[in-house]
Structure formats: structure tokens, C-alpha cells
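Student: This is the structure I want to talk about, given as C-alpha cells.
Number of protein chains: 2
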Amino acid sequence: MDEKLQLKSQVCFPIYSLSRKIINSYRPFLEELDITYPQYLVLMVLWENELQTVNQIGEKLNLDSGTLTPLLKRLEAKTLICRSRRRSDERVVEITLTDNGKALKEKAAYVPEKVMEAIGITREDMEDLKRIVTKVLNRSK
Amino acid sequence: MDEKLQLKSQVCFPIYSLSRKIINSYRPFLEELDITYPQYLVLMVLWENELQTVNQIGEKLNLDSGTLTPLLKRLEAKTLICRSRRRSDERVVEITLTDNGKALKEKAAYVPEKVMEAIGITREDMEDLKRIVTKVLNRSK
DNA sequence: GAAAATAAAATTGTGCACAATATAATGGTG
DNA sequence: CACCATTATATTGTGCACAATTTTATTTTC
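Line by line, the protein sequences give chains W and F.
Note that numbering that gives the first Met the number 0 gives residue 15 to position 16 of the first sequence, counting from 1, and the numbers run on in steps of one.
Note that numbering that gives the first Met the number 0 gives residue 29 to position 30 of the second sequence, counting from 1, and the numbers run on in steps of one.
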């Protein structure tokens, strides 16, 4: 029992640590764009497809309205997105990028590379990591 | 640029997702013990060494006082730990386990297995994952 | 077509993370 | 021994996560 309850025996603690470390590595670069990591994720989803509902964004990022509603309001306050109720179904809130939000994509383009560099991870390790993490993520759906 | 800013191209998003997924898998089991995942981490540190300062716990978990102080107060409120200033140096707060805190170790013993089972990860994938994640974590210190 | 079921967001409340600052105690240094 | 730097924790404020509930709109069913 002792052994299994040791921090070094756990697999989740390193993942939790790495996740935080990576997000912290993003911080200085994203601060230049005046956004946070979760906000960056939402913008990435929108850069791929300009118009999306709160639900669609939530499904892609596994985030619920309790997280997204205030986050989206902050992005709106920064004039990066617009929130508006769909005419044909007033329950749905549609999110679109503003010109500012679209323009930010250019500035964000260099971020992933910079972060990889800051973390000091090789492309090979990155691929390894991605492969195994994705495998485990999919297995446990 | 487009390619690099796609969610599926990122390595950090899967890690962030997996971290959250694992913590969520812990949730039902830890709820039975009436603790959260970060509280569980702190208790694990204490189960390995009964007396530790706030600083020592923070170094092991990479958490600062802004996170730990309120968390430790909650653990104290649950009567799982004691917080007391060190006599010889009043700046230091020493954390010790109460009998309740010690006793909880028995109940927590089965948790890691249950979580691995819940996630559906094989022992082999777990070892793979741990190896590569730890490698990247250490490289980027 | 009204009542019930369903669906989409929003709200509320708790608990991390983390930056920035504050408070208080200790340890040099001149 | 007074001053200053350092150390340890606490506090404040912002922004996620997430459970639980609420609100409002739509769809289904009788």
C-alpha cells in the first residue's frame, strides 16, 4: 500500500505537473496577446471555423457553460469575439470572430514554436508524447 | 501557420485534456473520502513524511502559498491535519497529520488502482506515459 | 394547442492556480 | 544594536473548472 500511495509511483501527478508547466510556459507569450491559455484554446477553435455555438466549442474543448460563459464574455469585452442569439432558435448563442479576433491569429502564429523552445522539448519527444497521450485519451472515452 | 494553430496539431491540448480527465476520474473515489485531488496530493506528501513545512510541501507539488494556505486550512477544518508555527522560527508553519489524517491512508490505498481501472489504461501504457512525461518534465526544469 | 419533456445557456457556489503584494520574523552588517 | 536584506507565510484579486440549479426556448405528446 505504501508504495502505491507514493507520489513517485503515480502517473497522474507527472501529467498534472506537466500540464501546469506547459500552460505556464505559454503564459509570457500569451500575455503579449493579452489572453489566457483557455482563451487561446477557444480562439484556436474559432480560427478553424469562424462561427460556432457555445455547445460546439464546449464539445471540442470538453468545457461546460459554467466555464465558457464567463470566458466568452471576457473575450467579448476584449472585442475579440461577438456573442449573439441565433434568430431561428433563441436558446443558441453563436460565437463569431471580430476583425480583432481574426487579426490575432497572425500574432499567435509564432506561439507554439516559442513554447516548444521554452519547454526545451525535442520534436521527437513531442511526437512520442502526443502519440501516447492521445492513445490513452481515446481509449478512455 | 494554419496547421500549427490547429487544435489537433498541438501537444499541450491533449496533455491538458488528459490531466483534467484523470482528475475527473479521481473525483468519485475521492468524494467518498471527502477530499479533492490537490488535497489528496498534499496528504500523499504527508503520508510519506508526517511532519513537513508549507514550503516543503509546496516544493514537492510545485504549489505556492497562495494555493496551499487556503487548501491547508480546509484540510485543517476537516481535522485531517494540524497547522502550527514552529517555536524556534515563527515564520515557519509546520503541518502534521492528525489521527484522522493518518487513518485516511488506509481508505485511500485502493484509489490508484480504481482510477487506472476507471480510465481504462493498461499497465504498459501507464509505464510508457510515465516514462515520456517524466523525461519531458525533467528536461524542462 | 396546452402540458410535459427536452435542450441551451446562464447562474451560483466551491476550490484550485497563480501573480502581486503585504506582513511578520529572522539573520546578517556596519 | 539599529538597519537592511532575506525568508516564510498570508492576503488579495483574477480566471479557470466543475457540480448543481435556474431560466428560457423549443419540441414532443397527448
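For each residue, glycine too, the CB sits at the ideal point set by N, CA and C.
1. Between the beta-carbon of I120 (chain F) and the beta-carbon of L45 (chain F), is there less than 9 Å?
2. Answer yes or no: do I34 (chain W) and K77 (chain W) have a C-beta to C-beta separation smaller than 9 Å?
3. Is it a yes or a no for the segment 110-128 of chain F touching the segment 22-32 of chain W, going by three-plus beta-carbon pairs under 8 Å?
4. Against chain F, does N54 (chain W) count as a neighbour if the rule is that its beta carbon must be under 9 Å from one of theirs?
5. R82 (chain F) to E47 (chain F), Cα distance in whole Å?
6. Tell me the residue span of the beta strand (DSSP E) that contains R138 (chain W).
7. In the segment 21-72 of chain F, which residue ranges form an unbroken alpha helix (DSSP H) of at least 4 residues, counting only runs that do not cross its ends?
8. For L40 (chain W) and G57 (chain F), I'd like the C-alpha separation in whole angstroms.
9. Comparing alpha-carbon positions, which option in W:D63, W:E116, W:R85, W:R84 lies nearest P37 (chain W)?
10. Nearest chain F C-beta to G119 (chain W) closer than 9 Å, yes or no?
11. With DSSP as the reference, please indicate the residues paired to S83 (chain W) in a beta bridge.
12. Along chain F, in chain order, which residues have C-beta atoms closer than 7 Å to that of P27 (chain W)?
13. For K106 (chain W), does the count of other Cβ atoms within 10 angstroms reach 16, so buried, or fall short, so exposed?
14. Residues in the same chain with beta-carbon distance under 6 Å from V110 (chain W), minus the five sequence neighbours each way, listed in chain order, please.
15. If M43 (chain F) and L6 (chain W) are in contact, beta carbons under 8 Å, what's the gap, nearest whole angstrom?
16. Is E47 (chain W) close to chain F, meaning its C-beta is less than 9 Å from at least one C-beta of that chain?
17. Out of W:I118, W:L96, W:R90, state which residue places its alpha-carbon closest to the alpha-carbon of L79 (chain W).
Tutor: In short:
1. no
2. yes
3. no
4. no
5. 17 Å
6. Not the beta strand (DSSP E): R138 (chain W) falls in the alpha helix (DSSP H), residues 122-138.
7. 36-47, 53-60
8. 28 Å
9. W:D63
10. yes
11. W:E93
12. In chain order: nothing, as chain F lies at least about 15 Å away.
13. exposed
14. F28
15. 5 Å
16. yes
17. W:L96
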